Amino acid sequence: MTAPKRLSGVLAPVVTPFKRDLSPDRARYVRHCKWLLANGCRGLAVFGTNSEANSLSVDERMVLLETLI
Numbered sequence: 044m045t046a047p048k049r050l051s052g053v054l055a056p057v058v059t060p061f062k063r064d065l066s067p068d069r070a071r072y073v074r075h076c077k078w079l080l081a082n083g084c085r086g087l088a089v090f091g092t093n094s095e096a097n098s099l100s101v102d103e104r105m106v107l108l109e110t111l112i
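Mapping the sequence shown onto the numbering used here, position 57 (from 1) lands on 100, and the numbers just tick up by one.
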């Protein structure tokens with residue numbers, strides 16, 4: 044068995060953009076995540092304290108994750 048690879052580099056907290064009606068903006072969310080990765084981030088910390096996770100329902104978080112993946 045090989046040892047697990049250590050995480051390295053920048054793991055960026057991801058903020059969640061919202062539309063005027065206060066629903067999560069899926070398109071802007073994905074663009075922002077792709078921008079972070081294209082500009083040197085090695086990973087994303089989604090739905091942490093910076094991403095308004097407590098303001099999102101489980102369904103809203105699932106939709107954002109499914110859209111991102």
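The beta-carbon is built from N, C-alpha and C at its ideal position, and this holds for glycine as well. Because the structure is a prediction, the values reported are computed rather than measured.
(request) Could you spell out where the beta strand (DSSP E) holding Leu107 opens and where it closes? (result) Run containing Leu107: none in the beta strand (DSSP E); it sits in the alpha helix (DSSP H), 101 to 111.
(message) Judging by CA-CA distance, which residue of Pro67, His75, Ala88 is the nearest neighbour of Val101?
(response) Pro67
(message) Suppose contacts are defined by Cβ-Cβ distances below 8 Å. Is Val57 in contact with Leu80 by that definition?
(response) no
(request) Report buried or exposed for Thr59, applying the criterion of at least 16 other Cβ atoms within 10 angstroms of its Cβ. (result) buried
(message) Let me check one thing: in DSSP terms, what residues is Cys84 bridge-paired to?
(response) Val53
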